[in-house]
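Protein chains in written order, with UniProt numbering: chain F, 1 to 291; chain C, 1 to 303.
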């Protein structure tokens, strides 16, 4: 223990399995993914180096721009509704209903597989027999082909995932609310601040680091939406719900175009890194007003 | 909302109606969350032929266990079709076994090896420790889809497509989150017991197994629970490498079951029975450890 190296030998033993996993399934794939994005590779035979051809092709690829547009539409709808609803739920939990039972019940959809949630809503939103359309026709509203219409496919998928994630996101925000010291509220109360004023002047600023974190996690997650789409619309009707990850999947496994699919995933990776960077910077996520 | 019409006679609680309004919102949120699961059960207990004519009936239409029997393989194809099933089959017990093996093996490996690494990062002193940890952490940023394609190619080249090994290997050794999560707890443990037990390097194994692991039993159990739920629900990777019937897990099996049915003739009650049974382990885990899961979410989000 006297040597400069400290516990190096035994430490190497302890991190050995993790290093294997890291190198084999994160590091090498990352490098290989970037390399493949500069090749033409159909899985049969060897990859052929083609420089930036994949990227220039992507730039002119209407389906790519469509997939980006669809994904952005999904992300905007999903994040918008999810954040507002989750913030509301978190405030409700914090102020009136702290019970673990209620929090647990709201978390339940998040713990069930995406596939199961997708099938459940695929049934409930069915055009002919779904209970939602049934209720709508009782009230005199026209039936809607939720998953089957170009106009509704993405909003519907966004809704399903908001339903699945709202309790989880609310719990994250709730944890943030609980970390706000009580005396700040007492001071605000003594100063005669209204609840609305207190919310905007005390709660929101102090909640900012948690909200930034929640936003980063949910934006990055929703850019990668796949399971729900794969189980319900499979990207259709036409291209209406072909999100970027679905497009990557179809390019790789439908058309065996692994080079192109790799280039698409490099682009997605870059976008996600930028999103995280901008959000952290712009919203100063690392600093808390408490410090 | 009609709560504002309630009498506000109690002057000491002038905002009482706000509280009632808040509770109404809580009740609505709970209803929105729970009702779909009840609808799932109601559908699973109905027969397909009756579902068509009783779409809005709140109770099971033509109550029958047929859908569950069909999913669990207790019904012949002829009986299933007579019952309004599509004749599409789900080899439920096989998929269940596969899901159990996949989720258990990956959870056990991931948690154990991550605990070893976390121990090295938290309790051992060695040059480069923080740098290596930082490198591990940055992999949290890499989106799964990005590594999925090259990993698929590697698993394919190794000849491990459609094997349990191919499905499990990428999850088996670590995730940065698991290491990060356990490192936090190991850091906060007192050094004294450890130092008393320490004589030389070889004793680290004993310390790890006899002191660190038992003392961190609670966070390890929580992590294992969260990991198991995640692995049980995993869809994308098993879809890529585990398409073969022999290794197919429940999530993939359910989506295949759905797509096997011809358009317009989905076996809804069978599908809902299948999803319910596939979600059952999660429901049971949740009943047994719900509090643990709920209380760990605040932490797990801080990745």
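In this text, a Cβ means the ideal position worked out from N, Cα and C, and glycines have one as well.
Review point. Which two residues bound the contiguous beta strand (DSSP E) that contains residue 44 (chain F)?
Key: 44-49
Exercise for review: Identify each residue in the region 275-294 of chain C for which the Cβ-Cβ distance to at least one residue of chain F is less than 9 Å, and report them in chain order.
Suggested key: 275, 276, 278, 279, 282, 283, 285, 286, 290, 291, 293 and 294
Exercise for review: Can you grab the Cα-Cα spacing for the pair residue 62 (chain C) / residue 37 (chain C), in whole Å?
Suggested key: 19 Å
Check your understanding: Does residue 258 (chain C) come within less than 8 Å of chain F when only Cβ atoms are used?
Key -> yes
Check your understanding: In chain order, what residues of the region 71-91 of chain F put their CB closer than 9 Å to some CB of chain C?
Key -> Here the close residues are 85, 88, 89 and 91.
Review point. Closer than 8 Å, CB to CB, is residue 168 (chain F) near chain C or not?
Key: yes
Practice item. Determine the DSSP secondary structure at residue 39 (chain F), reduced to helix, strand or coil. Key: strand
Point to revise | Spatial neighbours of residue 162 (chain F) in its chain, beta-carbon cut-off 7 Å, leaving aside the 5 residues before and after | key: 78, 81, 82 and 85
Review point. With a cut-off of 8 Å, does the C-beta of residue 237 (chain C) fall near any C-beta of chain F?
Key: no
Practice item. Round the Cβ separation of residue 218 (chain F) and residue 169 (chain F) to the nearest angstrom and send it over; I've been treating them as touching at under 8 Å. Key: 6 Å
**Study point:** Validate contact between the region 258-270 of chain F and the region 169-178 of chain C using beta carbons, cut 8 Å, 3 pairs
**Key:** Short answer: they don't touch.
Check your understanding: Should residue 131 (chain F) be flagged as near chain C, meaning a C-beta pair shorter than 8 Å?
Key -> yes
Check your understanding: Mapping DSSP to helix, strand and coil, what is residue 113 (chain F)?
Key -> coil
**Study point:** Integer-rounded CB distance, given that residue 159 (chain C) should sit under 8 Å from residue 241 (chain C)
**Key:** Their Cβ separation, rounded to whole angstroms, is 12 Å, which puts residue 241 (chain C) and residue 159 (chain C) out of contact at 8 Å.
Check your understanding: Under the three-state reduction of DSSP, which class applies to residue 292 (chain C): helix, strand or coil?
Key -> If DSSP states are grouped into helix, strand and coil, residue 292 (chain C) belongs with the helices.
Check your understanding: Who are the near neighbours of residue 229 (chain F) in its chain, counting only those whose CB is closer than 7 Å to its CB and skipping five residues on each side?
Key -> 157, 235, 241, 243 and 246
Point to revise | Within the region 101-144 of chain C, ranges of the beta strand (DSSP E) (whole runs, at least 3 residues) | key: none
Review point. From residue 155 (chain C) to residue 25 (chain F), what does the alpha carbon distance come to, in whole angstroms?
Key: 10 Å
Check your understanding: Where in the region 215-277 of chain C do unbroken runs of the alpha helix (DSSP H), each at least 4 residues long, occur, reported from the N-terminal end onward?
Key -> 217-233, 236-241 and 250-260
Check your understanding: From this set, C:256, C:231, C:233 and C:232, which residue's C-alpha is nearest residue 243 (chain C)'s C-alpha?
Key -> C:256
Exercise for review: Compute the beta-carbon to beta-carbon distance between residue 43 (chain C) and residue 123 (chain F), rounded to the nearest angstrom, for a pair I have assumed lies under 8 Å.
Suggested key: About 6 Å separates the Cβ atoms of residue 43 (chain C) and residue 123 (chain F), confirming a contact at the 8 Å cut-off.
Check your understanding: From residue 215 (chain C) to residue 231 (chain C), what does the alpha carbon distance come to, in whole angstroms?
Key -> 25 Å
Review point. Just curious, the alpha helix (DSSP H) that residue 68 (chain F) is in, first and last residue?
Key: 62-95
Practice item. Pull up the distance between the alpha-carbon of residue 52 (chain C) and that of residue 129 (chain F), whole angstroms please. Key: 6 Å
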